[in-house]
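A.B. asks: Those sequence lines, one after another, are chains C and P.
Residue numbers 4 to 176, in my numbering, belong to the letters of the first sequence in order.
Residue numbers 16 to 157, in my numbering, belong to the letters of the second sequence in order.
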Amino acid sequence: MSTMDEQHSKIEQFLKRARPPEPSAQLREQVIGAAKKAWKEAPVEIPWQIPLRRLAMSAAAAIVIVSSTNHFSSWSVNRWRADRPAVARAPLAKAPATDSDETWEEPYGPFMQHLVAVRRSPARDPQAVIDSLARLREAFQDVPQSVDEVDESDSPGVKSGRMPAGVDCRWHA
Amino acid sequence: MGTLGSRHDAEDVLQVVFVRIVGKRRLLAKADRPDAYVFRIARNEVVEFLRRRRRRPGDSSQMDSWLAAVDTDKGAMELAEELQTALARLPQEQREIVVLKVYRDKTFREIAGLLRLSLNTVASRYRYVMDKLRDLLKDTEP
């Protein structure tokens, strides 16, 4: 180990037989002149401004990201809405909430609102609904004046809820 | 100068470094280790300068004479040339350790602080460089 150190110090001494030259007086003047000029011209970088500037830049970036996300979200939803077939949608009844789903918070975006609305309202074929109503109307026209008259076999005071024969009340999805 | 291999380029970089230091004078005043801060600025400028020089067409990356002989005898100049050639064959990170230790009289601890390396890394790197230089200078060494 000591022989190694001796060798290293020998090489060190050998290397020290040459040295990088000291800077010339001209270079000193030149460098100091440039530094003085920069001192007068360059604005001082005040440390407390750095985090403030970073904060402002972060806020600006966040605003840009959020607004662009909103914009593109609306744009994509609108396009999707324009393509979908027109469906009859029942207005949302303001019935008391029976389902725990309905007591939850309101949906937060147009797309989610649409999804929830579609889920709440059973989307049915409008033509099937119209046909069904027409059949109902026809059936009731054939029935005597009062349902009570037809259904006298029922116990007194209790009105029958049965539909006349031949009326198809099934929904056609 | 040892890294750039050109006195003229070193002078240019030195000027830029001083201007940078002036621009960051408040940060420098608050730095725990101003010497390390200045060294870091200088090192970054050298790296940036080398990058620009590499991109420049007609690059004059030949090493100028940046070592001057201490003695004035006849063979001193030749010796300085040979030392410079041997140092030029070292990678930059090894060369700067030698320059700081031998020519700037820094301790291993100071070099470790300046280069942000561990003390052991600096010491082992220095030993490795010395072994390498011994091989490179075996014909020159008296």
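Glycine included, C-beta positions come from ideal geometry on N, C-alpha and C.
1) Can you tell me where the alpha helix (DSSP H) with S135 of chain C in it begins and where it stops?
2) According to DSSP, is A46 of chain P part of a helix, a strand, or is it coil?
3) For R57 of chain C, which three-state DSSP category applies?
4) Could you have a look at R22 of chain C and say whether DSSP puts it in helix, strand or coil?
5) Applying a beta-carbon distance threshold of less than 7 Å, which residues of chain P neighbour P24 of chain C?
6) Using a threshold of 8 Å, state whether the C-beta atoms of R22 of chain C and V114 of chain P are closer than that.
7) Could you tell me which chain C residues have their CB closer than 8 Å to the CB of D86 of chain P, listed as they occur along the chain?
8) Relative to the alpha-carbon of L98 of chain P, which residue among P:R22, P:S139, P:R69, P:D150 has its alpha-carbon at the smallest distance?
9) Give me the Cα-Cα distance between G164 of chain C and L118 of chain C, rounded to the nearest whole angstrom.
10) If we count the other Cβ atoms within 10 Å of its Cβ and call it buried at 16 or more, is I66 of chain C buried or exposed?
11) Go through its chain and collect everything with a Cβ distance to I112 of chain P's Cβ below 8 Å, but skip five positions before and after it.
12) Examine chain P for any beta-carbon lying closer than 8 Å to the beta-carbon of Q52 of chain C, and answer yes or no.
13) Going by the CB atoms, is the gap between K147 of chain P and L105 of chain P shorter than 8 Å?
14) I'd like to know if F64 of chain P contacts chain C, where contact means its C-beta is closer than 8 Å to some C-beta of that chain.
15) Would you give the residue range spanned by the alpha helix (DSSP H) that K39 of chain P belongs to?
16) Under 8 Å, Cβ to Cβ, is there at least one residue of chain C near G90 of chain P?
17) Any idea what DSSP makes of I14 of chain C, helix, strand or coil?
18) Determine the burial state of W81 of chain P: buried for a count of at least 16 other Cβ atoms within 10 Å of its Cβ, exposed for fewer.
19) Under 8 Å, Cβ to Cβ, is there at least one residue of chain P near A38 of chain C?
20) So, is S21 of chain P buried or exposed, given that buried needs 16 or more other C-beta atoms within 10 angstroms?
21) Check the Cβ-Cβ distances between W78 of chain C and every residue of chain P, and say whether any is below 8 Å.
C.D. replies: Reading off the structure:
1) 129-145
2) In this structure, A46 of chain P counts as coil in the three-state DSSP scheme.
3) helix
4) strand
5) A83
6) no
7) For D86 of chain P, the chain C residues whose C-beta falls within less than 8 Å of its own C-beta are R20, listed in chain order.
8) P:D150
9) Residue placement at G164 of chain C is poorly supported in this model, since its pLDDT is 49, which falls under 50; the coordinates still yield a value, given next. Looking at the two C-alpha atoms, the distance is approximately 35 Å.
10) exposed
11) I126, L130, V137, R140, Y141, V144
12) Taking Cβ atoms only, chain P never reaches closer than 8 Å to Q52 of chain C, which makes this a no.
13) yes
14) no
15) It is not in any alpha helix (DSSP H) - K39 of chain P carries neither H nor E in the DSSP assignment.
16) no
17) helix
18) buried
19) yes
20) buried
21) no
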